[in-house]
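Right, one structure below, let's go through it.
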Amino acid sequence: MGAGSAHKTGPERLSQRGASVCLAKTTCLNSMTSPSNASGAAVVGVFAEIPALLDRAPELILRGRALDCQCLLRPMNMPFHVSIRQGRIIDLTPGPVPMRSWRFSYRASPLAWVEYWQAVPRPGWHDLLALTKRDEAVLEGDLHPFMTHLQYFKDVLALPRQRALAVLS
Amino acid sequence: MTAKIEPMVGRYVHVEIEGESNRIYFEENGAGIPLVCLHTAGSDGRQWRHLLADEEYTKDFRIIAFDLPWHGKSNPPACWNGEEYRLTTARYTQTIRAFCKALLLEKPVVMGCSIGGRIVLNLAIEHPREFRALIGLEAADFQAPWYDTDWLNRPDVHGGEVCAALVSGLIAPQSPQSARSETLWCYKQGGPGVFKGDLYFYRVDGDLRGRVEGIDTTVCPLYLLTGEYDFSCTPDDTRRTAATIKGASVTIMEQLGHFPMSENPEQFRRYIAPVLTEILRQTSLDKQGVHA
């Protein structure tokens, strides 16, 4: 897949589209920080925007240029099958998809994602491995591709944070 | 126009550790109370460059930062034949004491961060009379592991990349990008297996639970400062440790993580300034024969 190829992702592929709007509103974002208000649907919508955000981050794609991987990146119990080729997300499909393979899975609670995506996250919610340490996230499977590209995955999954910063500042 | 030249000077001192000569690189600046600074696991003395260049403190303190053997510009000892590097409590303690002795430092202050903070606790337990004061940054008697250290040194994973990526999350998000990048660069430059070998001390050999209760802060004052964003040595880890040490001073530093002196030197200065001022004041009182 060439660098200019269109990926098959985007809000139009998802039944829940509220998150991109929600992220643009301070009041809504802040209201999601309490467990009772954490919206799984909103988190799903933000996830769907990550491939497009990545397309606009060439330095990040460059860092992932040696990465080809199938993985599950997901809010708890709402899997996304993610296909990465040469550092680009070329497919992001809401699951479950029967019998689709993946190398590793990183899943976190909706609250954890919302906290992670804050422009300035709170202590203990600011890093993927801080979330696993506090049992708000779980890493499973063959971690080799995750560990060889650890900073890449941290930064890709933090891309909505930049958007929040741009919108909220 | 004169170029900007920083005031610290670097030299090598030959120090005997566990019966072998080690050529240790150190940088220093200032005059007065010796203040020896210990870097974090897998890094080197460059972490202290901002403090070393600080005119306010170098007028009263002789600030010294050295690279542990295997780190920075301190090579492994000549006798090393390639066996797995492992830092132990005994070796680390001996290294610090031998370094201070080699430089003829009289009752130095020792300030260490992370593994340096842990070993400072051991100095307080075993050798308090040798030191004027001890400062532990990101220090606790023990903390729960949060990753498998086998990832740090294996042929199919780039050691520099994975070491830096693991610790990147320990830096507070408010830290300036340039300081964050510089802090991580030291991790990208570390020798193979060195970070992992340091963590042998941190994770396995240097568990001080049940021992810190014996620290007597009337013999040697102990200051503990931990960044709020440090999820490796958390503020709660430090508070729990300090709760068992009568007289220990505890400060939780806002907008800082695991590398306060290098990730955000200006923010760190706000917290270390009163500690150094207090040590200076106490030294002055001691000289006058006044006991607080």
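Those protein sequences? They're chains A and B, same order as listed. Each residue of the first sequence is one higher than the one before, starting from -18 at the first, in my numbering. Each residue of the second sequence is one higher than the one before, starting from 16 at the first, in my numbering. Each residue gets a CB set at the ideal place from its N, CA and C atoms; glycine is no exception.
So what's L146 of chain A in DSSP terms, helix, strand or just coil?
Per-residue confidence for L146 of chain A stands at a pLDDT of 47, beneath the threshold of 50, marking its modelled position as unreliable; no derived number is given.
Give a yes or no on whether the C-beta atoms belonging to L48 of chain A and H130 of chain A are separated by under 8 Å.
yes
Cα-Cα separation between I31 of chain A and E176 of chain B, rounded to whole angstroms:
23 Å
E42 of chain B classed as buried or exposed, judged by whether at least 16 other C-beta atoms fall within 10 angstroms
buried
Go to V305 of chain B, then tell me how far its alpha helix (DSSP H) extends in each direction, as first and last residue.
Looking at the DSSP string, V305 of chain B is not in any alpha helix (DSSP H), and its letter there is neither H nor E.
D116 of chain A and K135 of chain A: beta carbons closer than 8 Å?
no
Determine, using beta carbons only, whether W200 of chain B comes closer than 8 Å to chain A.
no
Distance check for A139 of chain A and V28 of chain B, CA to CA, integer angstroms please.
45 Å
Could you give the uninterrupted runs of the alpha helix (DSSP H) lying entirely in the region 98 to 143 of chain B, keeping only those of 4 residues or more?
104 to 117 and 130 to 141
Taking contact to mean 3 or more Cβ pairs, one atom from each stretch, closer than 8 Å, check whether the region 87 to 105 of chain B and the region 63 to 77 of chain B are in contact.
no
Given a cut-off of 8 Å on the beta-carbon distance, is the pair D156 of chain B and L223 of chain B in contact?
yes
Name the residues in the region 147 to 180 of chain B whose C-beta lies less than 8 Å from a C-beta of chain A; which are they?
A159, W161, Y162, W166, D171, V172, H173, E176, V177, A179 and A180
Return helix, strand or coil for F85 of chain A, following the three-state DSSP convention.
strand
Local Cβ density within 10 Å of P188 of chain B, reported as buried at 16 or more and exposed below that
buried
Rounded to a whole number of angstroms, what is the C-alpha to C-alpha distance between E141 of chain B and T298 of chain B?
22 Å
At a Cβ threshold of 8 Å, is P275 of chain B touching chain A?
no
Would you call S36 of chain B buried or exposed, if buried means 16 or more other Cβ atoms sit within 10 Å of its Cβ?
exposed
Does the distance from the C-beta atom of G45 of chain A to that of H62 of chain A stay below 8 Å?
no
Could you have a look at S193 of chain B and say whether DSSP puts it in helix, strand or coil?
helix
Residues of chain A with a CB under 7 Å from the CB of Q192 of chain B: which are they?
None at all; the shortest Cβ gap to chain A is about 13 Å.
Start and end residues, alpha helix (DSSP H) containing M276 of chain B:
P275 to E278
What is the DSSP secondary structure of M59 of chain A, counted as helix, strand or coil?
coil
Going by C-alpha to C-alpha distance, which of B:E121, B:G57 and B:F114 sits closest to F216 of chain B?
B:G57
Are the region 226 to 237 of chain B and the region 250 to 267 of chain B in contact at 8 Å, needing three or more beta carbon pairs?
yes
Spatially closest choice to R218 of chain B from B:E197, B:P275, B:Y162 and B:P207, by CA coordinates:
B:Y162
Can you give the Cα-Cα distance for A93 of chain B and W200 of chain B, rounded to whole angstroms?
26 Å
Got a sec: is the Cβ-Cβ distance from S58 of chain B to anything in chain A below 8 Å?
no
Rounded to whole angstroms, what is the Cα-Cα separation between Q270 of chain B and E243 of chain B?
7 Å
So is R103 of chain A buried or exposed if we call it buried at 16+ other beta carbons inside 10 Å?
exposed
If contacts are defined as beta-carbon pairs under 8 Å, then W98 of chain A and V25 of chain A qualify, I think. What distance do you get, rounded to the angstrom?
Going by Cβ atoms, the distance from W98 of chain A to V25 of chain A rounds to 13 Å, so no, they are not a contact pair.
Exposed or buried, what is R69 of chain A when buried is set at 16 or more other beta-carbons lying within 10 Å of its beta-carbon?
buried
Limits of the beta strand (DSSP E) - the one that V265 of chain B falls within
S264 to M268
Count the other CB atoms within 10 Å of the CB of I134 of chain B; is the residue buried (16 or more) or exposed (fewer)?
buried
Neighbour list for F283 of chain B in chain A, Cβ cutoff strictly below 9 Å:
Correct list: empty, because the minimum Cβ distance to chain A is about 16 Å.
What whole-angstrom Cβ distance do L240 of chain B and L138 of chain B have, given they're in contact under 8 Å?
The Cβ separation is near 16 Å, so there is no contact.
Helix, strand or coil for L271 of chain B? Go by DSSP, reduced to three states.
coil
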